[in-house]
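Asker: Below are the structure tokens for one structure; questions will follow.
Rendered as structure tokens:
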């Protein structure tokens, strides 16, 4: 059976066939063209290419109401080699799970501010189609950004005049991030030092450097220089959705790549305490992963499970891996860390990101700063 609305079929000879409109007869009846390939993904790519050629012929487009869904497919296809694979998969899921089911049937001219406001409200209230629970304001904004990019693509490449309006994004409320108190941090460190293995060492190293979970999972001993007292963060690990799952039961795969941005590829100086821990756990095999001590990696979700066990044993709750990163940033601020240096150590693109998202002053630090007013008689 074809997927709904795709006009893609599997033939009896095991090839895939796609059908597209290539023109119209004087009577207005559509004329169809066909593409063939050995795989579903290949025939879909050919089909989108043919649809793109059709949509770039104004005299044909005027006779056919091309849906926004067609332009979504074109935009996804054209961006496949322009962005990182993880970003492209995110775009594709946004288009297939949210944009096309809700507004894919509209023509571009019908996508005005009212339609998109209704679309945004639906996502906030009920989320994806046929699923309960609304999406977060941040997720809805990401979806609307993709819609805006597709509309700009349509106007730039087809000459279609898109409705002129300002995209309105839902208001985002800043969520207070969990940060370990000094007592909680000391309790966790004491636990990790007891019978410390490679995984506990990796968690402790994160608390001392602020690395992301994917960066820790991809860290090898060749990235740590004990002599220079540095860690070179040059890779990250993530589990990505597989593009083609028709012939396999595995829907995801683990991928190790360079960090997403240039600022994330960075050198982190180590304290003497961190260097001493590195010497204690040092592995002669430079290709070995830090978290395992072998050339077999530990993926992020496994590390997250381990951290949950560690924190539960310590009596700590609501501690996921990013809490360690926020805690590191907060401790740095408390000791008077220069913000520009902290931003580079965390791998942020700007100081503002560090200040807005990762710096959390403790009540003790706020009280200490308030007490400075006593010096001027307040």
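Residue numbers (full-length UniProt numbering): 1 to 378.
Backbone N, C-alpha and C fix where the C-beta goes; we use that ideal spot for every residue, glycine too.
Given the structure is predicted, the values throughout are model-derived calculations rather than measurements.
(1) With DSSP as the reference, label residue 237 as helix, strand or coil.
(2) Which residue's Cα is closest to the Cα of residue 218: 231, 349, 208?
(3) Count the other CB atoms, across all protein chains shown, that sit within 10 Å of the CB of residue 32; report buried if there are 16 or more and exposed otherwise.
(4) DSSP beta-bridge partners for residue 255?
(5) Please list the segments of the alpha helix (DSSP H) lying wholly inside the segment 292 to 367, counting only runs of 4 or more residues, in order along the chain.
(6) For residue 240, which residues in the same chain have their Cβ closer than 7 Å to its Cβ, ignoring the five residues on either side in sequence?
(7) Would you mind reading off the limits of the beta strand (DSSP E) that contains residue 10?
(8) Taking DSSP's pairing of strands, which residues face residue 186 in a bridge?
(9) On the DSSP bridge list, what partners appear for residue 118?
(10) Under 7 Å Cβ to Cβ from residue 12, same chain only, skipping five residues before and after it: list those, please.
(11) What is the rounded straight-line gap between the Cα of residue 331 and the Cα of residue 178?
(12) Can you tell me whether residue 223 is buried or exposed? The criterion is at least 16 other CB atoms within 10 Å of its CB, across all chains shown.
(13) According to DSSP, which residues form a beta bridge with residue 267?
(14) Which residues in the same chain as residue 14 place their Cβ atom closer than 7 Å to its Cβ, once the five residues preceding and following it in sequence are excluded?
(15) To the nearest angstrom, how far is it from the Cα of residue 264 to the Cα of residue 35?
(16) Tell me, which residues are paired with residue 37 by DSSP?
(17) For residue 224, write down the residues that DSSP places opposite it in a beta bridge.
(18) Give the straight-line distance between the Cα atoms of residue 197 and residue 281, rounded to the nearest whole angstrom.
(19) Go ahead and label residue 336 buried or exposed: buried means 16 or more other beta carbons lie within 10 angstroms of its beta carbon, across all protein chains shown.
(20) Since residue 279 is in the alpha helix (DSSP H), which residue starts that stretch and which ends it?
(21) Determine, using beta carbons only, whether residue 205 and residue 189 come nearer to each other than 8 Å.
(22) Rounded to a whole number of angstroms, what is the C-alpha to C-alpha distance between residue 214 and residue 340?
(23) In or out: residue 81 buried (at least 16 other Cβ within 10 Å) or exposed?
Answerer: So, from the data block:
(1) Within the chain shown, numbered from 1, the residue matching residue 237 stands at position 237. Note: residue 237 maps to strand in three-state DSSP.
(2) Against the chain shown, residue 218 aligns to sequence position 218. Closest option to residue 218, Cα to Cα, is 231.
(3) Locating residue 32 in the chain shown gives position 32, counting from the first residue. It is exposed - the Cβ of residue 32 has fewer than 16 other Cβ atoms within 10 Å.
(4) Sequence index remark: in the chain shown, residue 255 carries index 255 (1-based). According to DSSP, residue 255 bridges with 238.
(5) 300 to 313, 321 to 334, 339 to 346
(6) Position 240 of the chain shown holds residue 240. Contacts found: 85, 86, 89, 252, 253, 255.
(7) Looking up residue 10 in the chain shown gives position 10. Counting along the chain, the beta strand (DSSP E) containing residue 10 begins and ends at 8 to 10.
(8) As a first step, residue 186 is located in the chain shown; it is residue number 186 there, counting from the start. DSSP output for residue 186 lists no bridge partner at all.
(9) By one-based count along the chain shown, residue 118 stands at place 118. Residue 118 pairs with nothing; no bridge assigned.
(10) For the purposes of this step, residue 12 is identified with residue 12 of the chain shown, where counting begins at 1. No residues qualify anywhere along the chain.
(11) One-based indexing of the chain shown puts residue 331 at position 331. One-based indexing of the chain shown puts residue 178 at position 178. Looking at the two C-alpha atoms, the distance is approximately 13 Å.
(12) The residue labelled residue 223 in the question sits at position 223 within the chain shown. Flag for residue 223 reads buried.
(13) Position 267 of the chain shown, counted from the first residue, corresponds to residue 267. DSSP, once it has assigned bridges, lists 232 as partnering residue 267.
(14) Along the chain shown, read from residue 1 onward, the residue named residue 14 stands at position 14. If we look at residue 14 and ignore the five residues flanking it on each side, it has no Cβ neighbours.
(15) Numbered from its first residue, the chain shown carries residue 264 at position 264. Numbered from its first residue, the chain shown carries residue 35 at position 35. Straight-line Cα distance between these residues: approximately 43 Å.
(16) The sequence position of residue 37 within the chain shown is 37, counting from 1. In the DSSP output, where bridge partners are listed per residue, residue 37 has 16.
(17) In the chain shown, counting from the first residue as 1, residue 224 sits at position 224. Answer is 231, bridged to residue 224.
(18) As a position in the chain shown, residue 197 is number 197, starting the count at 1. As a position in the chain shown, residue 281 is number 281, starting the count at 1. When rounded, the distance between both Cα atoms is 8 Å.
(19) Translated into positions along the chain shown, residue 336 becomes position 336. So residue 336 ends up on the exposed side.
(20) The count along the chain shown starts at 1 and reaches residue 279 at position 279. Residues 272 to 281.
(21) Working through the chain shown from its first residue, we reach residue 205 at position 205. Working through the chain shown from its first residue, we reach residue 189 at position 189. Against a cut-off of 8 Å, the Cβ pair of residue 189 and residue 205 comes out as no contact.
(22) For the purposes of this step, residue 214 is taken as residue 214 along the chain shown, with counting starting at 1. For the purposes of this step, residue 340 is taken as residue 340 along the chain shown, with counting starting at 1. So the two alpha carbons sit approximately 23 Å from each other.
(23) Here residue 81 refers to the residue found at position 81 of the chain shown. Classification for residue 81: exposed.
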